[in-house]
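As they're listed, the protein sequences go chains A and B. Residue numbering for the first sequence follows the working numbering, starting at 53 and increasing by one per position. Residue numbering for the second sequence follows the working numbering, starting at 53 and increasing by one per position. Yeah, the Cβ is synthetic: ideal placement off N, Cα and C, and Gly gets one too. Reading through the structure tokens given below for one structure.
There are 2 protein chains.
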Amino acid sequence: METITVVKLAEKFNLIQDYWQPRIAGELNHSYVKLAKIKGEFVWHHHELEDELFLVVKGRLIIQLKTGDIILNPGEFVIIPKGIEHRPVAEEEVQIILIEPKTTLNTGNLHNEHTTTADWI
Amino acid sequence: METITVVKLAEKFNLIQDYWQPRIAGELNHSYVKLAKIKGEFVWHHHELEDELFLVVKGRLIIQLKTGDIILNPGEFVIIPKGIEHRPVAEEEVQIILIEPKTTLNTGNLHNEHTTTADWI
């Protein structure tokens, strides 16, 4: 996609109504920039081959790891390396930016009722 | 680097004193997340093989393109596709997040007095 478009995060997040359904807001170098609203507990999973960046825009994100919890507030990011089991948890609604390869499935190594593909927004 | 560290953008930007000197704040999938403070006019350049993401954290960034100017305010990002000539301009100090392949040189196709390598912060 060679179109050069300014993406305004607040406008895009306003369009997202459903939780745990990442939307694609940009692509670069074989990766997607995804936006998601999340609330509640996700499933434990890992990504076999892909590192995943979580940047919090709004709210407080907990990422549970087998070694302990990570807390992320707005303006904070973490990169979960490939192979690391993790479980995002949001007690209240959280808005996040995800950056990950196009091949990344939201549930990583699992295919279950949480598995979804991302559409452009 | 398998260490899982929360990166607080505000803390990192506070450590940056110099303009046009990107610092590496994270790595994922052969790309770096870089933070930079910029002010003034950069040079026209392009990246032969690499798309580049600019996300504005603070201030107002102008990215001049041959087809016109792009204006980015905080909470807005743009991806400049590979091969596209661009020139960042910041009338006042701007704080940006850059995401680009590890191979990306700040001045793209040029090697001049603006060319610099990025250190970790």
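Anyone know if the C-beta pair for residue i and residue j falls short of 8 Å?
i             : j             : result
residue 95/B  : residue 162/B : yes
residue 130/A : residue 130/B : no
residue 108/A : residue 148/A : yes
residue 111/A : residue 141/A : no
residue 77/A  : residue 87/A  : yes
residue 160/B : residue 97/B  : yes
residue 178/A : residue 123/A : Any answer about residue 178/A is impossible in this case: the structure gives chain A only from 53 up to 173.
residue 102/A : residue 134/A : yes
residue 75/B  : residue 136/B : no
residue 84/A  : residue 152/A : yes
residue 128/A : residue 60/B  : yes
What are the boundary residues of the beta strand (DSSP E) that includes residue i?
i             : result
residue 174/B : Outside the shown range of chain B (53 to 173) lies residue 174/B, about which nothing can therefore be said.
residue 106/B : 104-110
residue 61/B  : Counting along the chain, residue 61/B falls outside any beta strand (DSSP E), though it belongs to the alpha helix (DSSP H) covering 61-67.
residue 95/A  : Where residue 95/A is concerned, there is no enclosing beta strand (DSSP E), given that its DSSP letter is neither H nor E.
residue 49/A  : Lying before the first or after the last residue shown, residue 49/A is absent from chain A, which here runs from 53 to 173.
residue 123/A : 120-124
So is the beta-carbon of residue i under 7 Å away from any non-hydrogen atom of the ligand ZN?
i             : result
residue 165/A : The ligand ZN is not part of this structure, which contains no ligands at all.
Taking only three categories from DSSP, how would you classify residue i?
i             : result
residue 99/B  : coil
residue 58/B  : coil
residue 136/B : coil
residue 72/B  : coil
residue 142/A : strand
residue 86/A  : strand
residue 152/A : strand
residue 173/B : coil
residue 128/B : strand
Identify the contact partners of residue i in chain A, using a Cβ-Cβ distance below 9 Å as the criterion.
i             : result
residue 130/B : 56, 57, 58, 59, 78
residue 127/B : 60, 61, 62, 109
Closer than 7 Å by beta-carbon distance: list the chain A residues that pair up with residue i, in chain order.
i             : result
residue 124/B : 58
List the residues of chain B whose Cβ lies closer than 7 Å to the Cβ of residue i, in chain order.
i             : result
residue 146/A : Correct list: empty, because the minimum Cβ distance to chain B is about 15 Å.
When Cβ atoms are compared, which residues of the region 151-163 of chain A fall closer than 7 Å to chain B?
151, 153
Compile a chain-ordered list of the residues in the region 57-70 of chain A whose CB is closer than 8 Å to at least one CB of chain B.
57, 58, 59, 60, 61, 62
Can you give me, in chain order, the residues of the region 103-121 of chain B that have a beta carbon less than 9 Å from any beta carbon in chain A?
103, 104, 105, 107, 109, 115, 117, 119
Quick one: which residues of the region 84-99 of chain B get their C-beta closer than 8 Å to a C-beta of chain A? List them in chain order.
85
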